[in-house]
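**Q**
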Amino acid sequence: MMAKNKEPRPPSYTISVVGLSGTEKDKGNCGVGKSCLCNRFVRSKADEYYPEHTSVLSTIDFGGRVVNNDHFLYWGDIIQNGEDGVECKIHVIEQTEFIDDQTFLPHRSTNLQPYIKRAAASKLQSAEKLMYICTDQLGL
């Protein structure tokens, strides 16, 4: 007979970072820093921070396991202690609009809703999606 673990799990929260995304026509030639914010929050050590991020991807990279045909990235999770000393787990998601490197239009996704509607979704799932760390995971 297996003993049940009586220790309560720490509360778990998901933070979804949303901001201006899209083509250069929509947002200009530089982003607003969503990836930098997510990267710094999840990987606070200087050696773990990657300054280069892109939203212009090939069809192969968009369909790969990191992006997984979705317009969001999973940055991972961290354990934080609140002001009250209670530990919690925080998962970080970045909502974005990936652009095709051939057409410079947004990639077609399984979710056909516009960015603002997708970003407001309260449930996100993507089978076998990998945690994003840096562009080295992509074929750039």
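For the sequence shown, our numbering begins at 1 and goes up steadily by one.
We put the CB at the ideal spot given by N, CA and C, even for glycine.
1) Rounded to the nearest angstrom, how far is the Cβ of K34 from that of T110, given a contact under 8 Å?
2) Spatial neighbours of L73 within its chain, please: C-beta separation below 6 Å, excluding the five flanking residues on both sides.
3) Consult DSSP for F41 and reduce its assignment to one of helix, strand or coil.
4) Assign Y49 to one of three DSSP states: helix, strand, or coil.
5) In chain order, what residues of the same chain have a beta carbon less than 7 Å from the beta carbon of L124, not counting five sequence neighbours either side?
6) Output needed for F62: all residues of its chain with C-beta closer than 6 Å, excluding positions within five of it in sequence on either side, in chain order.
7) To the nearest angstrom, how far is the alpha carbon of V66 from that of L138?
8) So, for N142: in the same chain, excluding its five sequence neighbours on each side, which residues have a beta-carbon less than 6 Å away from its beta-carbon?
9) Where does A46 land, buried or exposed, given buried means 16+ other C-beta within 10 angstroms?
10) Do C38 and W75 have their CB atoms nearer than 8 Å?
**A** According to the data block:
1) Not quite, the Cβ-Cβ distance comes to about 22 Å (not below 8 Å), so this is no contact.
2) E94 and Y132
3) helix
4) coil
5) F72 and I93
6) F98 and H107
7) 8 Å
8) Because the chain in this structure spans residues 1 to 140, residue 142 falls outside the shown range and cannot be described.
9) exposed
10) yes
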